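So the protein lines, in turn, are chains A and B.
Start counting the first sequence at 23; every next residue gets the next number (our numbering).
Start counting the second sequence at 38; every next residue gets the next number (our numbering).
Cβ coordinates follow ideal geometry from the N, Cα and C atoms, glycine included.
These numbers were taken from a predicted model, which means no experiment stands behind them.
One structure is given below, encoded as structure tokens.
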Amino acid sequence: MRKRRTEERAKYKEAIQTALYNRDDIKTLLLGDTTELATSEIRKLFKEHVKSHLFIDDTIEVTDSFIFYDVIMPRIGDRIKQCQVLLYAICHRDILDGYKADGFRGNRADILSQMVEDALLNDFDMAHEFGIGRLMLDSVDIYNSKRFYGCIMSFSVPDFR
Amino acid sequence: MAKEWYLMDTHHDTVSGFETDDFENLAADAFNEALDSAVGCDVEICNYDLTERIKKRVIIEGNLQDTRLNAMQRKILAPVGTCVAGQYVYYKNRYWLIIGLVDDNGVYEKGVMMICNYYLTWKNDAGEIIQRWVNASSASQYNNGETSSDRYLTFRDDQIMVLTPNDDESVLIPHGKRFIIDNRCKIYERHFPADTTKSTDKPLITYNVTRLDNVLFTYQNSGHSEFMATQDEQHEQDGYYVIDGKGYWLCDEPDEVNETTVLSCYIECDEPVVYNAVEPTVFTARFTDAHGNAVDVEPHWEIDSTFTEKLYVESAEDAIMVSVTDKKLIGKTFTLLLSADGYETTSVTVMIDALI
Chain A
23 MRKRRTEERA KYKEAIQTAL YNRDDIKTLL LGDTTELATS EIRKLFKEHV KSHLFIDDTI
83 EVTDSFIFYD VIMPRIGDRI KQCQVLLYAI CHRDILDGYK ADGFRGNRAD ILSQMVEDAL
143 LNDFDMAHEF GIGRLMLDSV DIYNSKRFYG CIMSFSVPDF R
Chain B
38 MAKEWYLMDT HHDTVSGFET DDFENLAADA FNEALDSAVG CDVEICNYDL TERIKKRVII
98 EGNLQDTRLN AMQRKILAPV GTCVAGQYVY YKNRYWLIIG LVDDNGVYEK GVMMICNYYL
158 TWKNDAGEII QRWVNASSAS QYNNGETSSD RYLTFRDDQI MVLTPNDDES VLIPHGKRFI
218 IDNRCKIYER HFPADTTKST DKPLITYNVT RLDNVLFTYQ NSGHSEFMAT QDEQHEQDGY
278 YVIDGKGYWL CDEPDEVNET TVLSCYIECD EPVVYNAVEP TVFTARFTDA HGNAVDVEPH
338 WEIDSTFTEK LYVESAEDAI MVSVTDKKLI GKTFTLLLSA DGYETTSVTV MIDALI
């Protein structure tokens with residue numbers, strides 16, 4: 023059977039979701055104190071705050087923080103295809119300031135982006151979960167809308183076709 | 038002089054000058070001081086089925102006994118209102134039954150307690166298993182234990198007096214009720230194979246109730262009950278039965294004990310899914326008895342799959358935790374089976390999934 027070219031998108035998403043979930047600091051930033059919650063409840067809330075598709079403004083009413091991501095393949099060559107992860111680390115403007123976390127600086131969205139970086143790049147095993155070589159951070163852009171603010175992180179990694 | 042003039046705070050009236058006032062004021066305090074000294078000891082006052090236990094500091098007298106009968110009896114000295122007849126005192130890892138009317142002299146109260154030497158088990162009319170610590174003593178100490186109507190037939194012959202609390206179950210024991218009162222049961226039980234659910238081939242000493250004394254030692258709001266049990270011949274069905282996962286020594290009961298009861302168990306979990314590369318999913322075993330009440334039973338877990346060796350499995354008491362860190366297993370399923378002695382096996386199909 024012919025290999026599915028787009029299967030990597032799903033595999034990448036599974037790995038990203040798991041990597042983000044396994045970080046307690048990200049869960050605390052997104053969900054608040056979870057010590058009193060059952061594991062299934064935490065997983066459910068986490069899935070509501072971390073989505074494997076891109077963000078559409080005005081579709082979210084709650085004042086919270088979110089991570090949205092997707093995987094694209096801008097170029098599929100003869101042997102190698104380029105895989106790119108676009109990740110939105112965004113927060114509602116009302117809760118942007120005043121969040122503190124040990125070892126992190128900046129506002130809530132800044133902190134969230136640093137945590138994401140730790141989860142996907144600074145964990146050696148995780149960075150090598152994707153494609154050939156390791157995941158690389160290519161660029162960081164600003165997401166600036168009426169209610170939400172944050173950054174758009176672009177990661178890339180080559181993979182076999 | 039007014040009490041307010043005194044520097045030391047006291048709840049007693051220290052200004053009357055009468056010796057009787059001083060005695061009344063300080064007697065209970067003096068007893069409490071004695072409790073705190075080396076003659077005091079910590080005990081637990083328990084109700085008839087040991088479900089309520091209250092820790093108390095008391096003085097136990099008579100623990101340096103000088104006769105065999107005294108060895109089975111103690112006196113308890115305690116602050117007024119500590120205990121009543123019919124309660125148990127858990128003292129030095131033994132249960133003692135308070136048998137006399139507990140009364141006080143204004144300073145402390147005093148009760149007489151008897152050692153409990155047997156854990157009596159029976160089934161009540163509703164078919165429930167009842168267990169009470171009792172004091173059993175010989176009521177025919179010097180007979181030879183046999184009687185015969187003629188020279189061809191000899192019967193066992195013995196009477197024992199059994200002291201019980203006077204709770205409803207103990208008082209409602211009917212005439213003719215049969216009990217196994219035999220310490221060999223413990224030895225038999227130690228040598229049973231682990232999967233034993235019934236054993237009626239062991240020689241046992243059995244008794245039936247021939248006299249009930251449930252009024253003589255009742256003190257309106259407390260008391261204990263007594264009955265005389267006469268040894269009879271062992272019946273075919275007298276023996277060891279595992280009921281709801283627990284073993285009991287019972288005399289033959291009207292059919293009930295021999296009924297095959299289908300007991301149920303089930304597996305409890307948040308969702309029957311194990312997510313790859315995250316924390317384990319916890320599955321908890323739940324067992325119920327024939328009446329639907331939760332009971333503690335040691336669970337036996339089994340996993341039916343072709344990739345069991347790739348699962349991380351850890352068990353603790355009544356739960357099993359399963360995790361996986363292999364993305365190739367995402368989308369696959371395995372069956373988790375739960376069983377226990379006397380219980381029907383139950384299972385749940387668990388899916389391995391990605392968290393996304």
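For A:Cys113, the three-state secondary structure derived from DSSP is strand.
In the DSSP assignment, B:Arg90 falls within the unbroken beta strand (DSSP E) covering Arg90 to Glu98. Within the segment 203-279 of chain B, the runs of alpha helix (DSSP H) at least 4 residues long that lie entirely inside it are, in chain order, 205-208 and 221-227. Taking a contact as a CB-CB distance under 8 Å, the pair A:Asn44 and B:Val311 does not count as one, their CB atoms being some 15 Å apart.
Counting the other CB atoms within 10 Å of its CB gives A:Phe77 a total of 16 or more, which places it among the buried residues.
For A:Asp147, the three-state secondary structure derived from DSSP is helix. For B:Val315, the residues of chain A that pass the 7 Å Cβ criterion are Thr40, Tyr43 and Asn44, in the order they occur in the chain. A:Phe177 carries a strand assignment under DSSP once its states are collapsed to helix, strand and coil.
Here DSSP, grouped into helix, strand and coil, assigns B:Gln110 to strand. The bridge partners DSSP lists for B:Gln196 are B:Thr267. For B:Leu392, the nearest CB of chain A lies under 7 Å from its own CB, placing it at the interface with that chain. Contact annotation for A:Arg26 against chain B: no contact, minimum CB-CB distance about 14 Å [criterion: below 7 Å]. With a cutoff of 7 Å on beta-carbon distance, A:Ile174 and A:Asp163 are scored as near each other. Across the structure, B:Val252 and B:Ser259 are spaced so that their CA atoms are roughly 11 Å apart.
Residue pairing from DSSP places B:His337 in a beta bridge opposite B:Ser376.
With its beta carbon at least 7 Å from every one in chain A, B:Glu70 lies outside the interface. Between B:Ser360 and B:Asp281, the alpha-carbon positions lie close to 31 Å from each other. B:Ala115 and A:Thr50 have their C-alpha atoms some 54 Å from each other.
Apart from sequence neighbours up to five positions away, the residues of its chain that approach A:Arg169 with a beta-carbon distance below 7 Å are His114 and Arg115, ordered along the chain.
Of the residues assessed, A:Lys122 falls on the exposed side of the cut-off, its CB having fewer than 16 other CB atoms within 10 angstroms.
At the C-beta level, B:Thr243 and B:Cys288 come within 7 Å of one another. A residue is called buried when at least 16 other Cβ atoms come within 10 angstroms of its Cβ; A:Tyr110 meets this threshold and is buried. Shown here, B:Gln168 sits in a strand according to DSSP, grouped into three states. Its chain contains Phe371, Thr372 and Leu374 as the residues whose beta carbon lies nearer than 7 Å to that of B:Asp341, once the 5 sequence neighbours on both sides are disregarded; these appear in chain order. When secondary structure is reduced to three states using DSSP, A:Gln104 falls in the strand class.
Listed in chain order, the non-local C-beta contacts of B:Ile357 below 6 Å within the same chain comprise Phe320 and Trp338, local neighbours out to five positions each way being set aside. Residue pairing by DSSP places A:Gly172 opposite A:Ile112 and A:Tyr165 in a beta bridge. Within the model, the alpha-carbon separation for B:Thr104 versus B:Ala176 is close to 18 Å.
Taking CB atoms only, A:Glu58 has no neighbour in chain B less than 7 Å away. In this chain, the alpha helix (DSSP H) harbouring A:Phe68 covers Thr61 to His71.
Exclusion of the five residues before and after A:Ala131 leaves Ala111, Ile112, Cys113, Leu118, Tyr171, Gly172 and Cys173 as the residues of its chain whose Cβ lies within less than 7 Å of its Cβ.
Separation of B:Ala64 and B:Thr88 (C-alpha to C-alpha, rounded to the nearest whole angstrom) is 33 Å. Closer than 7 Å to the CB of B:Glu270 there is not a single CB belonging to chain A. Contact annotation, B:Leu138 with B:Ala122: C-beta distance approximately 6 Å; criterion of less than 8 Å satisfied. Of the residues B:Glu165, B:Asn100, B:Ala173 and B:Ile197, the one whose Cα lies closest to the Cα of B:Asn180 is B:Ile197. Beyond the five residues adjoining it in sequence on each side, B:Arg131 comes within less than 8 Å, by CB distance, of Ile152 and Cys153 in the same chain, given in chain order.
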